[in-house]
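Novice: One structure, as structure tokens, below. Some questions next.
2 protein chains.
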Amino acid sequence: MPGVEAVLERLNHEGYRLTGPRRFVLEEVLKRTSPFTSAELWDTIQQSAPTIGRATVFRTLDLLTRLGVVQRIHRDAEAGRCHAYLACDEHHHHHLICNSCGKVTDFHEDRALEALVREVERRTSFQVEGHRLELVGTCPACRDNSHEQTYTGNQ
Amino acid sequence: MPGVEAVLERLNHEGYRLTGPRRFVLEEVLKRTSPFTSAELWDTIQQSAPTIGRATVFRTLDLLTRLGVVQRIHRDAEAGRCHAYLACDEHHHHHLICNSCGKVTDFHEDRALEALVREVERRTSFQVEGHRLELVGTCPACRDNSHEQTYTGNQ
DNA sequence: CGGTTATAGATACCATGTATCAATAAGGTG
DNA sequence: CACCTTATTGATACATGGTATCTATAACCG
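Listed in order, the protein sequences are those of chains A and B. Residues in the first sequence are numbered from 1 upward in steps of one, following the numbering used here. Residues in the second sequence are numbered from 1001 upward in steps of one, following the numbering used here.
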């Protein structure tokens, strides 16, 4: 989770203009530590900065996703509600999502994954170029007090 | 990929009615061996059985997904086009998707994955309950003749 | 064959996300 | 600082995936 300033600097460096709406959406995005839907983001922005348009929110989300500042994660929800967004650092990593509170923890575990990939390559003769891995479970906090928040979970 | 008859029997056994449209959509779904979008399925059905309604196609897809006859897979496509469907057997397994021709191979590799899960649990104190894993790459056929079909790939 | 009820088709609807387009404002230049 | 170029904005319309609703139909059970 890079700071607002770092991302602004990067945007500037890559030739993007540092506009008011962009700053605002960026700040709002980086504030969040759990996955959020575009609708949730749009709601809070509409309340705190009613002049910012919906398209701008999506455009900024898209820009940040392309830059790797934000990741799209997929959830098995019905209708169009299968995407969530999440600010994250740039390194390659995976997500560990709490079914109960929605909190997301990153983890880097490439040794076991590489072993798996090599084994699959050997067996299938595929050449594996990428992967998508998400783990779902219960975080330590939620395992203890198991009746706090709810979250329309994944998987 | 179970046969049409097996699924029909199962539907019947679970109290679902074996209607004409349901049979037809089911057959059309089981014919496919690569992932398909709802739009693609709807197109071919509309041509071969124009009286079947769009809602019925979605309802049947949903039913088959709930039964585990079909899996939803997620792809990083823009707009609402992030879902694809795929007929598959009921055992737990993962998908290996060819970036070039879209062919999907199942693989079962739970040893390395379990090792990974245990390691992550140890490090994060999460209790891991599920996972979503997809590998993307190039299948043997496409690696050889590398200019046949194209496929708007994943990741 | 007849009755009950799940299911079908039609239609309207909702949500996510994008294309378009005129108006605006960022940032470089003189 | 004023000016110019051009990226970006907000508004609007649009495209698409999927669902809710409602009446008509047709599976299945007796």
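Every residue, glycine too, gets a C-beta built ideally from N, C-alpha and C.
Kindly indicate which three-state DSSP category I1045 of chain B falls into: helix, strand or coil?
Specialist: Counting from one through the second sequence, the residue named residue 1045 of chain B turns up at place 45. Of the three classes helix, strand and coil, the one that applies to I1045 of chain B here is helix, per DSSP.
Novice: Taking the alpha-carbon of I1049 of chain B as reference, which of B:T1037, B:R1059, B:G1020 and B:A1039 has the nearest alpha-carbon?
Specialist: To locate residue 1049 of chain B, count along the second sequence from 1; it is residue 49. Inspection of the sequence shows that residue 1049 of chain B is occupied by Ala rather than by Ile. Among B:T1037, B:R1059, B:G1020 and B:A1039, the Cα nearest to that of A1049 of chain B belongs to B:G1020.
Novice: Note down, in chain order, every chain A residue with its Cβ under 8 Å from the Cβ of F1107 of chain B.
Specialist: Translated into the one-based positions of the second sequence, residue 1107 of chain B becomes position 107. Within 8 Å Cβ-Cβ: V120, R123 and T124.
Novice: Report back the beta-carbon spacing between F1107 of chain B and T105 of chain A to the nearest angstrom; my notes put them in contact at under 8 Å.
Specialist: As a first step, residue 1107 of chain B is located in the second sequence; it is residue number 107 there, counting from the start. As a first step, residue 105 of chain A is located in the first sequence; it is residue number 105 there, counting from the start. Not really, about 27 Å apart at Cβ, beyond 8 Å.
Novice: How would you label Q71 of chain A, buried or exposed, when you count the other beta carbons within 10 angstroms and need 16 or more for buried?
Specialist: For the purposes of this step, residue 71 of chain A is taken as residue 71 along the first sequence, with counting starting at 1. Burial call: buried.
Novice: Do you know offhand how far G1068 of chain B's Cα is from Q127 of chain A's?
Specialist: Counted from its first residue, the second sequence places residue 1068 of chain B at position 68. Counted from its first residue, the first sequence places residue 127 of chain A at position 127. C-alpha separation (whole angstroms): 28 Å.
Novice: With L1135 of chain B and H1074 of chain B assumed to form a contact (beta carbons below 8 Å), what rounded beta-carbon distance in angstroms separates them?
Specialist: For the purposes of this step, residue 1135 of chain B is identified with residue 135 of the second sequence, where counting begins at 1. For the purposes of this step, residue 1074 of chain B is identified with residue 74 of the second sequence, where counting begins at 1. About 13 Å separates the two Cβ atoms, so there is no contact after all.
Novice: Using a Cβ cut-off of 7 Å, which residues of the stretch 126-139 of chain A contact any Cβ in chain B, in chain order?
Specialist: Cβ contacts with chain B: F126, Q127, V128, E129, G130, H131, R132, L133, E134, L135, V136, G137, T138 and C139.
Novice: Does the Cβ of G1015 of chain B have 16 or more other Cβ atoms within 10 Å, making it buried, or fewer, making it exposed?
Specialist: Working through the second sequence from its first residue, we reach residue 1015 of chain B at position 15. Exposed: under 16 other Cβ atoms inside 10 Å.
Novice: Check this for me: beta carbons of L1018 of chain B and T1060 of chain B, under 8 Å apart or not?
Specialist: Numbered from its first residue, the second sequence carries residue 1018 of chain B at position 18. Numbered from its first residue, the second sequence carries residue 1060 of chain B at position 60. Going by C-beta atoms, L1018 of chain B is not nearer than 8 Å to T1060 of chain B.
Novice: Which term fits V1004 of chain B, buried or exposed, when burial requires 16 or more other beta carbons within 10 angstroms of its beta carbon?
Specialist: Position 4 of the second sequence, counted from the start, is the residue given in the question as residue 1004 of chain B. Classification of V1004 of chain B: exposed, given that the 10 Å Cβ count is below 16.
Novice: Output the distance between the C-alpha atoms of R22 of chain A and A115 of chain A, rounded to the nearest integer angstrom.
Specialist: Within the first sequence, the letter at position 22 stands for residue 22 of chain A. Within the first sequence, the letter at position 115 stands for residue 115 of chain A. Their Cα atoms are separated by approximately 42 Å.
Novice: Grouping DSSP H, G and I as helix and E and B as strand, with all else coil, what is L18 of chain A?
Specialist: Counting from one through the first sequence, the residue named residue 18 of chain A turns up at place 18. Residue state, collapsed to three classes: coil.
Novice: Looking at the secondary structure, which residues open and close the alpha helix (DSSP H) in which H13 of chain A lies?
Specialist: For this step, residue 13 of chain A is matched to residue 13 along the first sequence. Segment V4 to H13, the alpha helix (DSSP H) holding H13 of chain A.
Novice: Would you mind stating whether V1029 of chain B and A1084 of chain B have Cβ atoms separated by less than 8 Å?
Specialist: Residue mapping note: residue 1029 of chain B aligns to position 29 of the second sequence, counting from 1. Residue mapping note: residue 1084 of chain B aligns to position 84 of the second sequence, counting from 1. Not a contact, by the Cβ cut-off of 8 Å.
Novice: Can you have a look at G1137 of chain B and say buried or exposed, based on whether 16 or more other CB atoms are within 10 angstroms of its CB?
Specialist: Residue 1137 of chain B sits at position 137 when you count from the first residue of the second sequence. G1137 of chain B should be labelled buried.
Novice: Could you spell out the range, first to last residue, of the alpha helix (DSSP H) harbouring E118 of chain A?
Specialist: As a first step, residue 118 of chain A is located in the first sequence; it is residue number 118 there, counting from the start. The question names Glu, yet the displayed sequence has Arg at residue 118 of chain A. D110 to T124 is the span of the alpha helix (DSSP H), which, as asked, contains R118 of chain A.
Novice: DSSP puts C1082 of chain B in a beta bridge; with which residues?
Specialist: Numbered from 1 along the second sequence, position 82 holds the residue referred to as residue 1082 of chain B. According to DSSP, C1082 of chain B bridges with nothing at all.
Novice: Cβ of E1121 of chain B within 8 Å of Cβ of E109 of chain A?
Specialist: As a position in the second sequence, residue 1121 of chain B is number 121, starting the count at 1. As a position in the first sequence, residue 109 of chain A is number 109, starting the count at 1. Going by C-beta atoms, E1121 of chain B is not nearer than 8 Å to E109 of chain A.
Novice: Whose C-beta lies closer than 6 Å to the C-beta of I52 of chain A among residues of the same chain, with five residues either side of it excluded?
Specialist: Numbered from its first residue, the first sequence carries residue 52 of chain A at position 52. Cβ neighbours of I52 of chain A beyond the five flanking positions: P21 and I45.
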